[in-house]
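Scroll down for the structure; my scribbles are underneath it.
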Amino acid sequence: MFIVLPFISLITTFLIIQKNHPDWRQSLILASTYWGILLTIITEFLSIFKLVTYSWVLVTWGVICIISIYIYLRLNSQKTPTSERNKSFRLNKNIQIPFLIKLLLSGISFVVVTVGLIAIIAPPNNWDSMDYHMSRVAHWIQNHSVAHYPTSYTPQLYQNPWSEFVILHLQILSGGDYFANLVQWSSMIGCIIAVSLIAKQLRGDLRGQIFSAVITATIPMGILQASSTQNDYVIAYWVVCLAYYVLSAIEARTSNLWINSFNIGTSTGLAILTKGTAYFYVLPFLIWFGLSQLKRLRWQAWKPISIVAITCLLLNICHYLRNYNLFASPLGEPGEYSNEIQGINVLISNVLRNIALHIGTPIGLWNGIVNKIIQIIHTFISLDVNDPRITFSQKFFVPGGWSTIGMPGNENGAGNLIHLVLFVICIIIFIARKSIHKQSYIFDYLIATVSTFLIFCYLVKWQPWNSRLHLPFFILISPFLGIVLSKLKKQKIAIYLVIFLLISSFPWVFFNRYRPIVGSNNIFQVSRIEQYFSNRPYLKANYTEAVEFLNFRKCSNIGLLMGNDPWEYPLWVLLQQNNPQIVKIEHINVTNISAVIAKNSPYQEFEPCGIISMETKKSKQNKLEKINFQDKTYVRAWNSPELGVFIK
0 MFIVLPFISL ITTFLIIQKN HPDWRQSLIL ASTYWGILLT IITEFLSIFK
50 LVTYSWVLVT WGVICIISIY IYLRLNSQKT PTSERNKSFR LNKNIQIPFL
100 IKLLLSGISF VVVTVGLIAI IAPPNNWDSM DYHMSRVAHW IQNHSVAHYP
150 TSYTPQLYQN PWSEFVILHL QILSGGDYFA NLVQWSSMIG CIIAVSLIAK
200 QLRGDLRGQI FSAVITATIP MGILQASSTQ NDYVIAYWVV CLAYYVLSAI
250 EARTSNLWIN SFNIGTSTGL AILTKGTAYF YVLPFLIWFG LSQLKRLRWQ
300 AWKPISIVAI TCLLLNICHY LRNYNLFASP LGEPGEYSNE IQGINVLISN
350 VLRNIALHIG TPIGLWNGIV NKIIQIIHTF ISLDVNDPRI TFSQKFFVPG
400 GWSTIGMPGN ENGAGNLIHL VLFVICIIIF IARKSIHKQS YIFDYLIATV
450 STFLIFCYLV KWQPWNSRLH LPFFILISPF LGIVLSKLKK QKIAIYLVIF
500 LLISSFPWVF FNRYRPIVGS NNIFQVSRIE QYFSNRPYLK ANYTEAVEFL
550 NFRKCSNIGL LMGNDPWEYP LWVLLQQNNP QIVKIEHINV TNISAVIAKN
600 SPYQEFEPCG IISMETKKSK QNKLEKINFQ DKTYVRAWNS PELGVFIK
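Sequential numbering of the sequence shown, starting at 0, is according to numbering that gives the first Met the number 0.
In structure tokens form, the structure reads like this:
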């Protein structure tokens with residue numbers, strides 16, 4: 000029941016802010032931003048003293064709730080006279096909502112509620128979550144700290160952690176991972192609300208705002224991710240908040256400059272703290288803000304720019320320091336995802352290949368033609384379409400098959416074909432209809448949003464999974480698309496388009512490959528344990544039997560030898576499920592840079608009674624008969640094709 004405490008603090012913060020902000024959407028965005036700062040401070044502060052425990056997290060949120068409720072009640076005692084409130088209420092009550100708006104809002108609600116149901120019922124089972132999103136949370140809870148620890152998979156350490164910070168609090172307060180998927184789902188709701196507010200800022204009418212919300216709610220990649228523990232929707236939300244704050248600052252000119260600068264800095268900092276791709280998405284909007292301040296304040300522009308930079312840095316400083324102390328870089332280990340060469344030909348290549356991820360269909364002929372055209376263009380720009388300097392993993396291809404229309408789709412590589420086509424159509428309309436150009440800042444907003452995609456293509460290698468990294472772009476562009484559609488002379492066409500978007504989203508809602516609600520393997524019929532293994536069902540029997548063997552021997556201190564296959568979170572679930580003892584799990588014989596941490600307390604005192612060794616092809620580990628760890632020998636006592644269990 001105590002899981003409600005963080006939500007109570009968010010709600011009371013919203014109610015406090017709403018006292019001075021008439022638009023509830025603006026109040027909600029501000030409240031979530033300040034709540035995000037608060038959660039970061041709590042996590043980092045408790046972590047310093049190794050107090051990330053149930054008791055301390057409970058007490059901290061309890062105190063915050065008491066304080067926020069007290070502040071709200073004090074402010075509420077100074078509210079406006081009853082007659083004025085009743086008058087305002089009557090005015091709002093008399094507003095007639097058109098049937099179309101009700102229909103579209105109902106469609107959005109259906110999509111959001113259904114995805115939310117999936118998020119609650121289905122456990123976290125995304126591949127990256129099994130590798131590091133959820134695994135790192137389990138280690139943090141065990142260590143009572145978010146400090147780095149020895150692990151065979153270093154992304155558990157250096158990857159940006161804010162989304163997992165939220166999961167950490169929810170998991171500690173609830174005692175399980177039933178609410179872990181709600182972080183992405185709530186970000187989906189936040190994005191739907193925020194893009195409608197941006198559309199309002201861009202002078203879009205009610206219809207344009209609702210169209211923007213529909214477009215966001217029906218993005219296939221977004222629908223699939225919103226019920227998972229990936230973090231692309233979370234970063235999308237903070238980037239959309241940033242876009243809103245930048246627009247607010249530009250429109251407000253010099254009034255509320257310091258508050259707006261602080262909000263820009265916090266949303267930027269939270270976006271960066273969530274995922275590394277945020278650097279590409281925040282840059283154009285920060286440049287837009289900086290140029291606007293230089294134009295108005297001249298040499299005094301350094302003040303608001305400094306506030307943005309300092310606020311952003313303060314939110315990330317602890318994570319930067321952890322990474323710098325271990326990896327000698329605030330960003331962690333150098334990755335292989337950045338392009339090794341630059342140039343206009345690289346930009347053209349990656350723009351074409353990244354767009355191709357969204358234009359696949361079940362029609363093989365179409366996919367083949369597109370593939371061939373892109374290869375031909377590459378001959379003219381003097382680049383190999385599979386050049387390893389700009390390609391990460393696998394050869395270039397145009398996706399195909401029924402998964403391209405949502406049966407079954409998955410959050411690793413789903414394309415947004417209809418939304419891409421809609422974007423092209425709206426760009427043509429925007430160019431042809433000069434009257435739309437007069438909309439407040441809409442052209443500047445379009446340039447900033449398109450620039451995020453171009454920067455991404457210029458700096459990041461192509462890979463088959465890039466489409467999920469494009470989610471923030473498709474959400475950012477939604478207000479522009481909604482406004483353009485609302486300006487069509489033949490509104491029936493626009494209405495048919497948005498209704499078609501809602502209908503076309505249903506396959507993505509119902510036929511999620513790893514969390515389906517239709518079919519014989521739907522989430523209501525398949526056991527929760529089995530759903531953890533949706534990505535790798537053949538591992539379930541091996542994992543289950545290995546854990547049963549260790550439980551039979553009453554072994555609770557478990558060493559992990561994962562090699563290059565860090566698919567460990569299901570082991571945490573199984574080991575903690577039926578074991579009455581306190582289970583402690585640590586990586587052993589680590590060979591990467593995090594091995595230096597193993598020499599420190601308490602890791603150097605860790606003595607496992609059993610070791611689980613990952614022996615899949617991906618792990619690249621040979622089958623051994625014995626393992627030496629800290630001058631002790633462990634011999635193979637249980638065997639399977641993918642796992643081995645060693646006993647001291």
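Quick reminder that beta carbons are idealized off the backbone N, C-alpha and C, glycines included.
- Counting every other CB atom within 10 Å of its CB across the protein chains shown gives LYS622 a total below 16, marking it as exposed.
- The alpha-carbon separation between ILE209 and LEU103 amounts to approximately 7 Å.
- Close CB contacts of CYS240 within its chain, under the 7 Å cut and outside five residues either way in sequence, are with ILE28, THR32, ALA193, SER266 (chain order).
- With contacts defined as CB atoms closer than 8 Å, TRP401 and PRO361 qualify as a contacting pair.
- A residue is called buried once 16 or more other Cβ atoms fall within 10 Å of its Cβ, and ARG467 is buried on that count.
- For the region 549 to 623, the continuous beta strand (DSSP E) assignments of 3+ residues that do not extend past its boundaries occur at 556 to 560, 583 to 586, 609 to 613, in sequence order.
- Taking one beta carbon from each stretch, the region 232 to 248 and the region 188 to 204 have 3 or more pairs nearer than 8 Å; the two touch.
- Under the Cβ criterion (8 Å, minimum of three pairs), the region 278 to 294 counts as touching the region 449 to 460.
- Each of GLN580, GLU529, ALA248, TRP298 was checked against the Cα of TRP287, and the nearest Cα belongs to ALA248.
- Taking each of LEU419, LEU181, LYS49 in turn and checking the Cα distance to ILE358, the smallest one comes out for LEU419.
- Here the alpha carbons of SER76 and TRP461 stand approximately 57 Å from one another.
- Distance from the CA atom of TRP507 to the CA atom of TRP126, rounded to whole angstroms, is 19 Å.
- Counting only the Cα atoms, ARG135 lies some 25 Å from ILE626.
- Exclusion of the five residues before and after ASN385 leaves LYS394, PHE395 as the residues of its chain whose Cβ lies within less than 6 Å of its Cβ.
- In the DSSP annotation of this structure, the continuous segment of the beta strand (DSSP E) that includes ALA636 starts and ends at 631 to 638.
- Judged by DSSP in its simplified three-state form, GLY518 adopts coil rather than helix or strand.
- Annotated three-state conformation of TRP461 is strand, per DSSP.
- Nearest to GLY207 by alpha-carbon distance, out of TRP301, GLU624, PHE479, GLU547, is PHE479.
- Between the alpha carbons of SER128 and GLY221 lies a gap of roughly 17 Å.
- Across the set ALA540, ASN577, PRO601, ILE610, the C-alpha of ILE610 shows the shortest separation from the C-alpha of MET561.
- Relative to PRO154, the option among LYS647, GLN576, GLN629, ASN563 whose CA is nearest is ASN563.
- The closest CA to that of MET613, considering only SER162, ILE347, ASN588, LEU330, is found on ASN588.
- Within its own chain, the residues whose Cβ lies closer than 7 Å to the Cβ of ASP204, once the five positions on either side in sequence are excluded, are SER485, listed in chain order.
- Setting aside the 5 residues that flank it on each side, ALA235 is surrounded in the same chain by CYS190, LEU470, PRO471, ILE474, each with a C-beta closer than 6 Å to its C-beta; the list follows chain order.
- With contacts defined as CB atoms closer than 8 Å, PHE532 and TRP637 fail to qualify as a contacting pair.
- Going by DSSP, VAL644 is part of no alpha helix (DSSP H) but of the beta strand (DSSP E) stretching over 642 to 646.
- If you compare the alpha carbons of GLN170, GLU641, GLU606 with that of LYS619, the shortest gap goes to GLU641.
- About 10 Å separates the CB atoms of PRO398 and GLY408; that is not less than 8 Å, and the two are not in contact.
- In the structure shown, GLY189 falls within a helical segment according to DSSP collapsed to helix, strand and coil.
- CA-CA distance, MET0 to LEU330, rounds to 37 Å.
- Inclusion of VAL307 and ILE263 in the CB contact set at 8 Å is warranted, their separation being smaller than that value.
- As a beta-bridge residue in DSSP terms, ASN627 pairs with THR632.
- In the pairwise beta carbon analysis, the region 136 to 152 is classified as not touching the region 292 to 305: fewer than three pairs are separated by under 8 Å.
- The alpha carbon of ALA146 has as its nearest neighbour, out of HIS318, ILE2, VAL213, ARG635, the alpha carbon of HIS318.
- Contact between ALA121 and GLN530 holds: their C-beta atoms lie close to 6 Å from each other, under 8 Å.
- Under the DSSP assignment, ILE218 falls outside any alpha helix (DSSP H); it carries neither an H nor an E label.
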